[in-house]
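Colleague: Heads up, the sequence shown is in the working numbering, so the first residue is 38 and it goes up one at a time. In this text, a Cβ means the ideal position worked out from N, Cα and C, and glycines have one as well. Predicted model, so just to flag it, every value in this text is computed and none were measured. Let me begin by handing over the structure; questions about it come next.
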Amino acid sequence: MKVIILGAGTLGIQLARELVAENRDVVIIERNPNIAKGIANELDCMVQEGDGESLEILSSAGMTDADWFIALTGSDDANIVACGLVAEAYSQPKTIARVRSHYFGLFHGSRKRILGVDHILNPEAETADAVARIIFRGMSPETIDVKEAGIQLRKLVASKDERLPGRSLQEIRTEIGQEFMVPAVIRDGELLTPTGQFVLEASDVLYLLGEPRELDKLFGRTTRSTLKLKRLVFFGAGALCRRVLKDLGVPGSEDKRSRKASDAGMNALSLLGNPAIKVIDENRDSAKAISAEFPDADVVCRSLSDELLIDEEGIDRADIVLCLTASQSDNLATALIAKQAGANRVLAVVFGDLYMRLEGVVDIDALVNQKAVAAGAILDIVRKAHIRRLHGFTEGDYELVELSIGAEFSQNDKRIKNLGLPKGILVAFVIHEGKTIIPTGDTLIQARDIVGLVLPKEQILRLESLFGA
């Protein structure tokens, strides 16, 4: 697969790095010569210096045999024009445009080609979806729901259960007698994919995979909040805040005119206990816009540096504080201050990998990396063989992916142990006719099954070749 990326910003570089790790043929087009030179020295891919709206540059980049053209510059107009130009001049490549505009964002997720764009990616929309999912699962950072499979991926420190340290996984499974899997173990910051003979140490962090009820029985309940929320506080009244409010089902002024939309929103919000919503932003225009769009929210225009803000706005009594401003340093600082003041749970959005190193180190319940979320959404689009990323392990270049087996799939012996899967790929679960199976080597893989796998990113290409496009 050949992918041409226009724009070497943070998202473009992140995506290129991910694709290179999967052994894809990647070309980056960047008009800034200094940036282009730096990227050429950093990444193992071709870098074409020039303007992405030039047919000559597009030709030099190898557009003739490209599979994808992905426009990720900071300009909506430039991205759409470049995709339109590619669609007009070349028949093969499919196109993706990063678009932040609220109006173009209405086409986010559309499957129809619009102005030469096959897929529109809105980073704020993708990030808002990620934030909303975290809230709906109770702000439990150690738990990831795999909803279609009805199972969870859960983190547990071995020292918290006296049955674990000093014993092999096979011994533990035999004693417990329940179905669960340990697809990954973090030891000294390194991600390992263990076998049954793997012996746990007290400092190991385990990823457990199984049905929620079974995991609760075996290892106790998670810190997932079972209480209904009373107070939800947002810092930042920008596009990301607007998207999260909509995803949570907070009724807007337009919804109130539509009974159907209003009822749908209230049903979603009621799952959280219909909490009171407060939005705080120091920009008066942003505050006014959010207040007009979401009349039920308590919107406050106030500086984040106001020393009286925490006490006077009741941040200490908040169930969840969401820090969604355009400044990642402000988000981190505000989240830490809110947590110290007494807020139950706090979440901060960041825009790169650097601050993700603080995950699990500082007292912030959830960190969301917008760049990684957006790159993951693009990977879900461009990957073949119906592969969808469910979780990226921050401790290593591994992913939990979901593979949909096509109706044409055929193997003489479809047992997992005979599929010829490369070393390092672990089959984590199989969904067959709606039933989830924690597999063994003798588990059959059949057409139309859904298979969950933990694997190094570099093996994605091999997975595609095994199971077809």
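From the DSSP output, in three-state form, read off V287 for me.
Modeller: In the structure shown, V287 sits in coil (DSSP, three-state: anything other than H, G, I, E or B).
Colleague: Spatial neighbours of G461 within its chain, please: CB distance less than 8 Å, with the 5 preceding and 5 following residues excluded, ordered by chain position.
Modeller: Answer for G461: T230, L492, P493, Q496, listed in chain order.
Colleague: I'd like to confirm the pairing. Which residues does DSSP put opposite R268 in its beta bridges?
Modeller: R268 pairs with A313.
Colleague: Pick out whichever of E238, G214, D155, I72 has its Cα sitting closest to the Cα of V222.
Modeller: Out of E238, G214, D155, I72, E238 has the C-alpha closest to the C-alpha of V222.
Colleague: List the DSSP bridge partners of S205.
Modeller: V236, per the DSSP bridge assignment.
Colleague: Could you give the distance in angstroms between the alpha-carbon of M38 and the alpha-carbon of D356?
Modeller: Approximately 46 Å between the Cα atoms of the pair.
Colleague: Near A98, what residues of its chain come up, given a Cβ to Cβ distance below 6 Å and the 5 sequence neighbours on each side ignored?
Modeller: For A98, where only same-chain residues beyond five positions count, the Cβ hits under 6 Å are I41, V64, I66, Q85.
Colleague: Between which two residues does the alpha helix (DSSP H) harbouring K254 extend?
Modeller: Per DSSP, K254 belongs to the alpha helix (DSSP H) from 249 to 256.
Colleague: What first and last residue would you give for the beta strand (DSSP E) that runs through A108?
Modeller: Taken as a continuous stretch (DSSP letters only), the beta strand (DSSP E) holding A108 covers 105 to 108.
Colleague: Pop quiz: T431 and E396 are said to be a contact at Cβ under 8 Å. What is the actual Cβ separation, rounded to whole angstroms?
Modeller: Correct: roughly 7 Å between the Cβ atoms.
Colleague: Considering Cα atoms alone, identify which of R210, E212, M218 is closest to K192.
Modeller: Taking only the C-alpha atoms, the option nearest K192 is M218.
Colleague: Do L440 and L481 come within 8 Å of each other at the CB atom, strictly closer than that value?
Modeller: Taking 8 Å as the Cβ cut-off, L481 and L440 do not qualify as a contacting pair.
Colleague: Hey, could you find the ends of the alpha helix (DSSP H) C120 is sitting in?
Modeller: 113 to 126 is the extent of the alpha helix (DSSP H) around C120.
Colleague: Would T101 be called buried (16 or more neighbouring beta carbons within 10 Å of its own) or exposed?
Modeller: Counting Cβ neighbours within 10 Å, T101 comes out exposed, since fewer than 16 surround it.
Colleague: Identify, in the order they occur along the chain, each residue of the same chain with its Cβ nearer than 8 Å to the Cβ of Q129, setting aside the five sequence neighbours on each side.
Modeller: For Q129, where only same-chain residues beyond five positions count, the Cβ hits under 8 Å are T101, D102, A103, D104.
Colleague: Just verifying my parser: in three-state terms, what is the DSSP assignment at S299?
Modeller: Reliability of the predicted coordinates at S299 is poor, the pLDDT of 47 falling under 50, and no value is obtained from them.
Colleague: Whole angstroms are fine: how far does the CA of D253 sit from the CA of G111?
Modeller: Computed Cα separation, rounded: 45 Å.
Colleague: In the structure shown, what three-state DSSP assignment does C82 receive?
Modeller: Looking at C82 - three-state DSSP - the assignment turns out to be coil, as it is neither helix nor strand.
Colleague: Among the candidates G247, K408, L345, G286, whose CA atom is the shortest distance from the CA of V386?
Modeller: Of G247, K408, L345, G286, the residue nearest in Cα terms is K408.
Colleague: Going by the CB atoms, is the gap between A119 and E90 shorter than 8 Å?
Modeller: In this structure, A119 lies closer than 8 Å to E90 by Cβ.
Colleague: What do you get for E55, buried or exposed, if any count of 16 or more other CB atoms within 10 angstroms of its CB means buried?
Modeller: Counting Cβ neighbours within 10 Å, E55 comes out buried, since at least 16 surround it.
Colleague: Could you spell out the range, first to last residue, of the alpha helix (DSSP H) harbouring L95?
Modeller: Taken as a continuous stretch (DSSP letters only), the alpha helix (DSSP H) holding L95 covers 92 to 97.
Colleague: Within 8 Å, do at least three Cβ pairs link the stretch 201 to 214 to the stretch 410 to 427?
Modeller: As far as the Cβ criterion goes, the stretch 410 to 427 does not touch the stretch 201 to 214, which means the pair count is below three.
Colleague: Output the distance between the C-alpha atoms of V336 and A329, rounded to the nearest integer angstrom.
Modeller: Spanning the two alpha carbons is a distance of roughly 10 Å.
Colleague: Evaluate the contact criterion for the stretch 264 to 280 versus the stretch 313 to 323: three or more CB pairs, one atom per stretch, below 8 Å.
Modeller: As far as the Cβ criterion goes, the stretch 264 to 280 touches the stretch 313 to 323, which means the pair count is three or higher.
Colleague: Can the beta-carbon of V183 be found less than 8 Å from the beta-carbon of V281?
Modeller: It is not a contact, given that the beta carbons lie outside the stated cut-off.
Colleague: Out of K325, P332, P312, C278, state which residue places its alpha-carbon closest to the alpha-carbon of E291.
Modeller: Selected option, being the one with the closest Cα: P332.
Colleague: Along the beta strand (DSSP E) that carries K131, what are the first and last residues, could you check?
Modeller: Per DSSP, K131 belongs to the beta strand (DSSP E) from 131 to 135.
Colleague: Hey, out of E161, A124, P160, A165, whose CA is closest to R150's CA?
Modeller: The shortest C-alpha separation from R150 is found at A124.
Colleague: In the DSSP assignment, the alpha helix (DSSP H) including T230 goes from what residue to what residue?
Modeller: Per DSSP, T230 belongs to no alpha helix (DSSP H) and is neither H nor E.
Colleague: Output the distance between the C-alpha atoms of S262 and G351, rounded to the nearest integer angstrom.
Modeller: The predicted position of S262 is uncertain, since its pLDDT is 45 and thus under 50; a value taken from the coordinates is nonetheless stated next. Distance between the alpha carbons of S262 and G351: 20 Å.
Colleague: On the CB-based measure, 16 or more other CB atoms within 10 Å of its CB, does H156 come out buried or exposed?
Modeller: H156 should be labelled buried.
Colleague: So, at 8 Å on beta carbons, what are the nonlocal neighbours of I72 in its own chain, with the 5 sequence-adjacent residues on each side left out?
Modeller: Around I72: A45.
Colleague: Give every residue of the same chain whose Cβ lies closer than 7 Å to the Cβ of S323, excluding the five residues on either side of it in the sequence, and list them in chain order.
Modeller: A274, G275, listed in sequence order.
Colleague: Decide if Y435 is buried, meaning its Cβ has at least 16 other Cβ atoms within 10 Å, or exposed.
Modeller: Buried, by the Cβ-count rule.
Colleague: For the alpha helix (DSSP H) that contains F430, what are its first and last residues?
Modeller: Premise fails: F430 lies in the beta strand (DSSP E), 424 to 430, not in any alpha helix (DSSP H).
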